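Peer 1: Input: one structure, supplied below.
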Amino acid sequence: MTDKTQEKLEAKIARLEQYLVKLKAELEKTRLQGQHEAIDHIDQYLHEDDNLISDLEEFWEGLVSDMREFFDRRNKRS
Amino acid sequence: MESGGVITSSGAEQVESEKRSNGLGHDVLTLLNRTRDWLLIVFLLYLLLVAVSMIGNGFNMAAGENAKDLFNFARNPITGLVIGTVATALIQSSSTVTSIIVGLVAGGLPVVIAIPMVMGANIGTTITNTIVSLGHIRKGVEFRRAYAAATIHDFFNLLSVLIFLPLEIEFGLLDKIGAYLSSLVYGGNSMSMKSFNFIKPLIQPVLKTIQETASGLLPHPLSGIVMILLGVTTIIAVITVIGRLLKVLMVGRVKKVFHWAVGRGPISGITSGTLLTILVQSSSTTTSLIVPLAGNGVFSLRQVYPFTLGANIGTCITALLAATAITGPTAGVALQIAFVHLSYNVLGVMVIYSIPFLRNIPLRLASTLAKATSRNKIYAIVYIGIVFFLAPAFLIIGSNILGW
Numbered sequence: 001m002t003d004k005t006q007e008k009l010e011a012k013i014a015r016l017e018q019y020l021v022k023l024k025a026e027l028e029k030t031r032l033q034g035q036h037e038a039i040d041h042i043d044q045y046l047h048e049d050d051n052l053i054s055d056l057e058e059f060w061e062g063l064v065s066d067m068r069e070f071f072d073r074r075n076k077r078s
Numbered sequence: 001m002e003s004g005g006v007i008t009s010s011g012a013e014q015v016e017s018e019k020r021s022n023g024l025g026h027d028v029l030t031l032l033n034r035t036r037d038w039l040l041i042v043f044l045l046y047l048l049l050v051a052v053s054m055i056g057n058g059f060n061m062a063a064g065e066n067a068k069d070l071f072n073f074a075r076n077p078i079t080g081l082v083i084g085t086v087a088t089a090l091i092q093s094s095s096t097v098t099s100i101i102v103g104l105v106a107g108g109l110p111v112v113i114a115i116p117m118v119m120g121a122n123i124g125t126t127i128t129n130t131i132v133s134l135g136h137i138r139k140g141v142e143f144r145r146a147y148a149a150a151t152i153h154d155f156f157n158l159l160s161v162l163i164f165l166p167l168e169i170e171f172g173l174l175d176k177i178g179a180y181l182s183s184l185v186y187g188g189n190s191m192s193m194k195s196f197n198f199i200k201p202l203i204q205p206v207l208k209t210i211q212e213t214a215s216g217l218l219p220h221p222l223s224g225i226v227m228i229l230l231g232v233t234t235i236i237a238v239i240t241v242i243g244r245l246l247k248v249l250m251v252g253r254v255k256k257v258f259h260w261a262v263g264r265g266p267i268s269g270i271t272s273g274t275l276l277t278i279l280v281q282s283s284s285t286t287t288s289l290i291v292p293l294a295g296n297g298v299f300s301l302r303q304v305y306p307f308t309l310g311a312n313i314g315t316c317i318t319a320l321l322a323a324t325a326i327t328g329p330t331a332g333v334a335l336q337i338a339f340v341h342l343s344y345n346v347l348g349v350m351v352i353y354s355i356p357f358l359r360n361i362p363l364r365l366a367s368t369l370a371k372a373t374s375r376n377k378i379y380a381i382v383y384i385g386i387v388f389f390l391a392p393a394f395l396i397i398g399s400n401i402l403g404w
């Protein structure tokens, strides 16, 4: 490999690295923006711990359906 | 045209003025409502202090010098741990349980028996946000993230007990730290709390009236038992209502604290978790707020982890406040147990979070359990069964065999 090709490649890597840093910064900025937006709407989650019965009901339904699926599969196999 | 123009102009002014006065009326009404709510909170805090003292005095009235013997059934530290866990899981508030414990210590519960109960309160409180996360069950990836964010708090508190309970049993570590901190406040020097306890004159008249009424109406020891029950019921009701009021009143500040913490690293996360919990007076509210934020992927598990640890520290403020209500010879031990609660949580965060190996244990366990549970919900039942039923039963039997 000639010195010129090597220089060219090094320059290209440096550019790509710079671009990567820029992209990472942009990603972090977007992520932070999303987090701030979610915090602005935090009111909707403020009463999450007041609905525990409905949360348990939801879970119970999911559990029953999982169990049914499990036993159906077992029955089919046997 | 000219007069029409004048009429239109004055009409617009009138509408504008009505709008302004309506806006002003609304502002005044909001201010009045907020003032009423804050006054109600002050009154409820006063009730909390009275209720904590009622428990202590009730025990003195009912059992006198024998109060210590009443708690012999919880001498086994694992039994104490289970009592704290179950009581908190049922009442859904560690602040309530620790405030009751402060009252019990003032009434004669030995601090060494109360310490495992306080540790159990930490574990019991985690069940609330775990249930909140179960509400996301039908949402696949969202459930996995929410469940991991909830159970990381469980695993942290379990690990903390695994580290500090043996140290407490063997060396009385927390007992000594609590006693030292309490002696700084209630020590013999002139700057002690004894010389400027302003709580006593505030609560004593009401407490005395309740005590005299109970003694007059009911025979001994029933009067004391009624005082204890009334104290416990009042604490539960007061902390529930305060929590609900603060949630509404503090929403703006909660947002500010969250905004401040975003993108600043784990120390800020712990600090903001502490501040949020102090603001809403409930670690369950703080951790339950975090669950949906983690569930929708806005915050990663690593980012919510410090917030939950801060919630553990912030919740100690209620017990400290409750301890200020206790006066007389048991004031020192009441403050000691409140300081034990604080030092246990601060040390837990310092030790576990600062050592990478320990820090990663709750992260790994929560992620693994969440993955398994999102595949099959039965794992959630297995987990609750092991942590809250099988393991405590096994430990109680084992420790009794070992003669602890």
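For the protein sequence lines, the chains are A and B, in the order given. Per the numbering used here, residue 1 is the first one in the first sequence, and the count goes up by one each step. Per the numbering used here, residue 1 is the first one in the second sequence, and the count goes up by one each step. The C-beta atom is built at its ideal place from N, Cα and C for all residues, glycine as well. Remember, it's a predicted structure, so these values are computed and weren't measured experimentally.
1) Verify whether the separation of the beta carbon atoms of residue 326 of chain B and residue 52 of chain B is less than 8 Å.
2) Against chain B, does residue 54 of chain A count as a neighbour if the rule is that its beta carbon must be under 8 Å from one of theirs?
3) Quick one: list the residues of chain A neighbouring residue 110 of chain B, beta-carbon separation under 8 Å, in chain order.
4) Please go through the region 317–403 of chain B and give each complete beta strand (DSSP E) segment of 3 or more residues, from N-terminal end onward.
5) Helix, strand or coil for residue 71 of chain B? Go by DSSP, reduced to three states.
6) Beta-carbon of residue 75 of chain A versus every beta-carbon of chain B: anything under 8 Å?
7) Tell me whether residue 51 of chain A sits in a helix, a strand or coil according to DSSP, three-state version.
8) Select from B:402, B:249, B:179 and B:392 the residue whose C-alpha is nearest the C-alpha of residue 86 of chain B.
9) Have a look at residue 253 of chain B and residue 201 of chain B and give me their C-alpha separation to the nearest angstrom.
10) Taking the alpha-carbon positions, what's the residue 114 of chain B to residue 337 of chain B distance?
11) Short of 7 Å Cβ to Cβ, which residues in the region 115–141 of chain B face chain A?
12) In angstroms with no decimal places, state the Cα-to-Cα distance between residue 350 of chain B and residue 277 of chain B.
13) Note down, in chain order, each residue of its chain lying with its Cβ closer than 6 Å to the Cβ of residue 19 of chain B, except the 5 sequence neighbours on either side.
14) On the three-state DSSP scale, how would you describe residue 277 of chain B?
15) Measuring only between beta-carbons, confirm whether residue 40 of chain A sits less than 8 Å from chain B.
16) Counting only beta-carbon separations shorter than 8 Å, does residue 32 of chain A have a partner in chain B?
17) With distance defined between alpha-carbon atoms, name the residue in B:46, B:286, B:106 and B:168 nearest to residue 205 of chain B.
18) If you compare alpha carbons, which of B:99, B:212 and B:291 is closest to residue 236 of chain B?
19) Measure the alpha-carbon distance for residue 118 of chain B versus residue 42 of chain A and round it to whole angstroms.
20) For the alpha helix (DSSP H) that contains residue 83 of chain B, what are its first and last residues?
21) Kindly list, in the order they appear in chain B, the residues whose Cβ is closer than 7 Å to that of residue 71 of chain A.
22) Of all the CB atoms in chain A, is at least one closer than 8 Å to the CB of residue 292 of chain B?
23) Using three-state DSSP, classify residue 218 of chain B as helix, strand or coil.
24) With 8 Å as the threshold, decide whether the Cβ of residue 63 of chain A is near any Cβ in chain B.
25) Could you please give the first and the last residue of the uninterrupted alpha helix (DSSP H) stretch that includes residue 95 of chain B?
26) With burial defined as no fewer than 16 other Cβ atoms inside 10 Å of the residue's Cβ, what is the status of residue 189 of chain B: buried or exposed?
27) Taking the Cβ atom as the reference point for each residue, do residue 377 of chain B and residue 63 of chain A lie within a distance shorter than 8 Å?
28) Which chain A residues are close to residue 262 of chain B, counting only those with a beta carbon under 9 Å from its beta carbon?
29) Give the range of the alpha helix (DSSP H) segment to which residue 308 of chain B is assigned.
30) I need the straight-line Cα distance from residue 25 of chain B to residue 13 of chain B, nearest angstrom please.
31) Keeping to the same chain, check which residues put their C-beta closer than 7 Å to that of residue 428 of chain B; ignore five residues upstream and five downstream.
32) Taking only three categories from DSSP, how would you classify residue 282 of chain B?
33) Around the C-beta of residue 386 of chain B, are 16 or more other C-beta atoms found within 10 angstroms, so that it is buried, or is it exposed?
Peer 2: Reading off the structure:
1) Contact: yes.
2) At least one C-beta of chain B is nearer than 8 Å to the C-beta of residue 54 of chain A.
3) Contact of residue 110 of chain B with chain A by beta-carbon distance below 8 Å is absent, the smallest such distance being about 33 Å.
4) Complete beta strand (DSSP E) runs here, min 3: none at all.
5) Note: residue 71 of chain B maps to helix in three-state DSSP.
6) Cβ-Cβ to chain B under 8 Å: no for residue 75 of chain A.
7) If DSSP states are grouped into helix, strand and coil, residue 51 of chain A belongs with coil.
8) Nearest C-alpha to residue 86 of chain B: B:392.
9) One Cα belongs to residue 253 of chain B, the other to residue 201 of chain B, and the distance between them is close to 33 Å.
10) Distance between the alpha carbons of residue 114 of chain B and residue 337 of chain B is about 7 Å.
11) Per Cβ criterion, the list reads 128, 131, 132, 134, 135, 137 and 138.
12) Roughly 18 Å between the two C-alpha positions.
13) No residues qualify anywhere along the chain.
14) DSSP, read as helix, strand or coil, puts residue 277 of chain B in helix.
15) Yes, because at least one Cβ of chain B sits closer than 8 Å to the Cβ of residue 40 of chain A.
16) For residue 32 of chain A, the closest Cβ of chain B is nearer than 8 Å.
17) Ranking B:46, B:286, B:106 and B:168 by Cα distance to residue 205 of chain B puts B:46 first.
18) For residue 236 of chain B, the nearest C-alpha among the options comes from B:99.
19) Their backbone Cα atoms lie some 30 Å apart in a straight line.
20) If you look at residue 83 of chain B, you'll find it in the alpha helix (DSSP H) that goes 77–91.
21) Contact note: residue 71 of chain A does not reach chain B at a C-beta cutoff of 7 Å; the least C-beta distance is about 11 Å.
22) Interface with chain A (8 Å Cβ-Cβ cutoff): residue 292 of chain B is included.
23) The answer is coil: DSSP assigns residue 218 of chain B none of H, G, I, E or B.
24) Yes, residue 63 of chain A counts as interfacial toward chain B.
25) Its alpha helix (DSSP H) spans residues 94–107.
26) In this prediction, residue 189 of chain B scores a pLDDT of 49, lower than 50, which makes its location untrustworthy; the coordinate-derived value is nonetheless stated afterwards. Exposed is the call here.
27) Yes, these two residues count as a Cβ contact at 8 Å.
28) Here the neighbours are 32, 35, 36 and 39.
29) Residues 301–314.
30) Each residue's Cα considered, the two are about 18 Å apart.
31) This structure cannot speak to residue 428 of chain B, because chain B is shown only from 1 to 404.
32) In this structure, residue 282 of chain B counts as coil in the three-state DSSP scheme.
33) With fewer than 16 Cβ atoms within 10 Å of its Cβ, residue 386 of chain B is classed as exposed.
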